[in-house]
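Per the working numbering, residue 955 is the first one in the sequence shown, and the count goes up by one each step. C-beta atoms are modelled at their ideal positions from N, C-alpha and C, and glycine is treated no differently.
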Amino acid sequence: MSNALDIINGVKTISSGRQIINRLNLSIPHGEFMTILGGNGAGKSTLFNVISGQLFLTSGKVELNGEDVTNQSEENRAKYIARVFQDPKLGTAPRMTVSENLLLAQLRGKKRGLKKRQLAQQKEFFFEQCQKIGNGLENHLDTPTGNLSGGQRQALSLLMATIQKPDLLLLDEHTAALDPKTSRQLMDLTEKTISENNLTCLMITHRMEDALKYGNRLIVLDSGQVQKDMDETQKNQLELADLLMFFNL
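Right under this line is the structure:
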């Protein structure tokens, strides 16, 4: 059986000649929840951009479910991939209501013809999905997304990313802009969502505590290469001081 993701000899070079991704090889089996650590300039966001199709590799290959998507556009890869960004303002349409955003999310990766949107028929389903989050989002189905709190907006982004089960979920420091309490709540929701839906997930985090607590695999990136790759057993034996030895944060 093919992996959810394979990057084979991946290289990404920018105009200055510097290699942001440097002969990187990475395989992600289905159902794996991998956390990614690395200092500034380690290549974390570039890696996600290469996976999602926002950037193309200079050389090498990207495979999703065994299919070569190296030269496929970001739009084509959307049928496989969902992504939640660091900024709560990204990933949602601020002038559209919570319900309207969720309706759009249901169409991710699908052809969109001219037809009635049938929003009213979906309200009960959206209410149930939002109610599971536990932050009152279900009471704001008709509220423009731009009027939500940062935590509610990120929870909505996570729900939008997973309402149609993606083959690969990319979490790009999705708790970084939140206060500690809201961040913990969103991480608990994240773990629950991934576990209940058996999602394959890559999560970039700058919080080493989260990297140790969540997921069943941990990699440390530096200079566009995997410097350390630990399975769940190895990760669970680590202390925070051990992580500091791998790179300078």
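Own chain residues within Cβ distance below 6 Å of residue i, not counting five before or after
i     : result
A1165 : T989, L991, T1159 and L1172
G1100 : P1048
E1193 : none
L1124 : F1002, R1037 and L1156
G1020 : S956
G1204 : This structure leaves residue 1204 out entirely; the chain is present only between 955 and 1203.
Span separating the alpha-carbon of residue i from that of residue j
i     : j     : result
N1170 : N963  : 24 Å
L1203 : A1195 : Its pLDDT being 44, under 50, L1203 is placed unreliably by the model, and nothing is read from it.
L1009 : S970  : 16 Å
Q1188 : K1182 : 11 Å
I1148 : E1186 : 16 Å
Q1106 : Q1191 : 34 Å
E1163 : L1044 : 25 Å
S1013 : E1029 : 21 Å
T1024 : N1089 : 39 Å
I1130 : S1137 : Inspection of the sequence shows that residue 1130 is occupied by Ala rather than by Ile. Straight-line Cα distance between these residues: approximately 8 Å.
L978  : G1178 : 7 Å
L1132 : L1058 : 25 Å
L1095 : L980  : 40 Å
L1061 : Q973  : 36 Å
F987  : K1167 : 11 Å
S1103 : R1161 : 22 Å
G920  : V1180 : The displayed coordinates of the chain run from 955 to 1203. Any statement about residue 920 would go beyond what the structure contains.
R1031 : K1119 : 14 Å
DSSP-derived helix/strand/coil call for residue i
i     : result
K1069 : Because K1069 carries a pLDDT of 48, less than 50, the predicted location of this residue cannot be relied on, and the following value inherits that uncertainty. Reduced to three states, the DSSP call for K1069 is coil.
E1021 : strand
S920  : With the chain covering 955 to 1203 only, the question about residue 920 has no answer from this structure.
D1185 : strand
K966  : strand
N1190 : helix
T1099 : helix
T1012 : coil
G1105 : helix
Cβ shell of residue i (< 7 Å), same chain only, five flanking positions each side left out
i     : result
N1152 : G985
V1004 : G964, K966, I975, L1011 and V1016
N1055 : T1046, A1047, T1099, L1110 and M1114
F1080 : S1053, L1056 and L1095
I968  : I974
Contacting residues, own chain, Cβ-Cβ under 8 Å from residue i (five flanking each side not counted)
i     : result
H1128 : V1038, F1039, Q1040, Q1108, S1111, L1112, L1140, T1144 and M1157
T1097 : T1051 and V1052
L1122 : A958, L959, I982, I1005, L1018, Y1034, I1035, A1036, T1154, C1155 and L1156
T1116 : A1036, L1123, T1147, N1151 and L1153
M1184 : R1171, L1172, I1173 and L1192
Q1026 : G1007
K1077 : S1053 and L1095
Boundaries (first-last residue) of the beta strand (DSSP E) holding residue i
i     : result
L991  : F987 to G992
R1171 : R1171 to D1176
A1036 : I1035 to V1038
C-beta neighbour in chain D for residue i, strict 7 Å
i     : result
D1164 : Judged by its chain identifiers, the structure shown contains no chain D, having just a single protein chain.
Residue i: CB within 6 Å of a non-hydrogen atom of the ligand SAM
i     : result
L1194 : Looking at this structure, you won't find the ligand SAM or any other ligand, since it has none at all.
Start-to-end residues for the alpha helix (DSSP H) that takes in residue i
i     : result
R1031 : E1028 to R1031
Q1086 : At residue 1086 the sequence reads Lys, which differs from the Gln that was named. From DSSP, K1086 is part of no alpha helix (DSSP H); its letter is neither H nor E.
S1204 : Limits of the chain in this structure are 955 at one end and 1203 at the other, which puts residue 1204 out of reach.
K1043 : From DSSP, K1043 is part of no alpha helix (DSSP H); its letter is neither H nor E.
L1061 : Segment: none, L1061 is in no alpha helix (DSSP H) and carries neither H nor E.
L1001 : K998 to S1006
List, from N- to C-terminal side, the beta strand (DSSP E) runs of 3 residues or more that fit wholly inside the stretch 1110-1161. 1122-1126 and 1155-1158
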